[in-house]
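Note sheet for the following structure.
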Amino acid sequence: MHNASLFGTIILMLAGLVTYKGLRDAYFLDRYAFKIDPILIDREYLRLLSSGFLHAGWLHFGFNMIVLLSFSSSLEVLYGFGPFTLLYFASLIGGNLLALYIHRNHGDYSAVGASGAISGVVLSYLVLFPDSDIGFILIPISIKSWIFALLFVVISIFGIKSQSDNIGHEAHLGGGIVGVLLTPFLAPEGMTIHWWVMAMILVPTTLFLLLIIRNPAVMMVREYWGENVRDFQSSLNKTETPASRQAELDDLLDKIRLQGYESLSQKERKRLENLKDEM
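Below is the structure:
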């Protein structure tokens, strides 16, 4: 990873300029950030792309660009400028589309950053070079690429489930999935594709996505992973959860599981949020 990356340098300059503008102009940042309601209601689809050039701060920008330049030099040489450009922007859009789906009912959700695109680049590299060593910024240790890939999947899934931080785990996972899926088509002929690494990434992510699509209630309640709602509730501490609240939460979760989150009224949604906090 020592050759200069033309694409990485271009993104560095463009994202730097756009980030500078966004940090100085709140209207500009708001106009081009990833936002649920403007995309779904006003059809401002450009936000799926423009948000990837904005960043929340210079530390956010610097970290993303360091990671991008660390991997883009190798992959751009392997894939070529055009295919690598496709990988980057397809991963960016794919990551934002997954975030759009998961947060489709959170109209005020917003995000910025190129993390989805960079996740696609990184995971594409890991599929090709699973035995290479991955180092960490400011931490003098390294691990094998395939271990990093496994940690990426686990952290992303639990991050999406918990929603306990300000990290865009949905964009990370969505971008990473796109990067993995594109790798066999972009890699030069004769390049070894490590299918076991692809399976290690795609199998758990596919199962998780199917789970939350089939049972949206999984995303509504902490520690609930889709088992029978009644059995799940019976495992809660009865002294801290009165029977009336259990029954009310049972009914709401059953309705979500059978009819989808959209079937809840505004009053029911607010009550569900309150019950989640009480649990």
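Heads up, the sequence shown is in full-length UniProt numbering, so the first residue is 1 and it goes up one at a time.
All residues carry an ideal CB built from backbone N, CA and C; glycine is no exception.
Limits of the unbroken alpha helix (DSSP H) element including residue i
i, result
"Ile167", "It is not in any alpha helix (DSSP H) - Ile167 carries neither H nor E in the DSSP assignment."
"Pro140", "Segment 139 to 144 is the beta strand (DSSP E) holding Pro140; no alpha helix (DSSP H) there."
"Gly95", "81 to 102"
"Phe7", "6 to 24"
"Phe208", "195 to 214"
"Gly116", "115 to 128"
"Ile36", "36 to 40"
"Leu49", "47 to 50"
Residue i to residue j span [Cα, whole Å]
i, j, result
"Leu12", "Ala111", "19 Å"
"Phe34", "Val121", "20 Å"
"Lys270", "Ile157", "25 Å"
"Leu54", "Tyr27", "13 Å"
"Ile155", "Leu182", "22 Å"
"Trp196", "Leu202", "10 Å"
"Val18", "Met65", "13 Å"
"Asp42", "Thr205", "30 Å"
"Ile39", "Ala187", "33 Å"
"Lys267", "Met198", "43 Å"
"Glu248", "Arg104", "24 Å"
"Phe185", "Asp254", "42 Å"
"Pro216", "Ile256", "6 Å"
"Ile141", "Ile147", "13 Å"
"Leu210", "Trp58", "36 Å"
"Pro130", "Phe71", "14 Å"
"Arg31", "Asp165", "24 Å"
"Asn274", "Asp250", "14 Å"
"Arg24", "Thr192", "46 Å"
"Leu252", "Arg214", "16 Å"
Option nearest residue i by Cα separation, candidates the options
i, options, result
"Leu29", "Ile39, Leu6, Asp37, Ala56", "Ala56"
"residue 285", "Gly62, Val67, Tyr261, Ile139", "Here the chain has residues from 1 to 279 only, and residue 285 is not among them."
"Gly190", "Gln259, Tyr79, Leu138", "Tyr79"
"Ser115", "Ser162, Ile102, Pro83, Gly176", "Gly176"
"Ala149", "Ser124, Leu253, Leu211, Thr192", "Ser124"
"Ala99", "Ile160, Pro184, Ala199", "Ile160"
"Ala90", "Gln163, Gly52, Leu249, Asp25", "Gly52"
"Ser162", "Ile139, Ile212, Pro130, Ile143", "Ile212"
"Leu151", "Met200, Leu87, Asp108, Ile139", "Met200"
"Leu97", "Tyr20, Leu207, His172", "His172"
Cβ distance (whole Å) where residue i is taken to contact residue j below 8 Å
i, j, result
"Gly179", "Ser119", "7 Å"
"Gly95", "Gly22", "At roughly 19 Å, the Cβ-Cβ gap does not stay under 8 Å, so Gly95 and Gly22 are not in contact."
"Ser145", "Ile134", "5 Å"
"Gly8", "Ser74", "Actually they do not touch by this definition, with Cβ atoms about 11 Å apart."
Proximity of residue i and residue j at Cβ, strictly below 8 Å
i, j, result
"Val153", "His194", "no"
"Phe61", "Ala117", "no"
"Leu49", "Ile10", "no"
"Leu46", "Ser5", "no"
"Met102", "Glu44", "Residue identity differs from the one stated: residue 102 is Ile in this sequence, not Met. Contact flag unset, no."
"His106", "Ile167", "no"
"Leu258", "Leu264", "no"
"Phe63", "Glu76", "no"
Range of the contiguous beta strand (DSSP E) that encloses residue i
i, result
"Ile134", "133 to 136"
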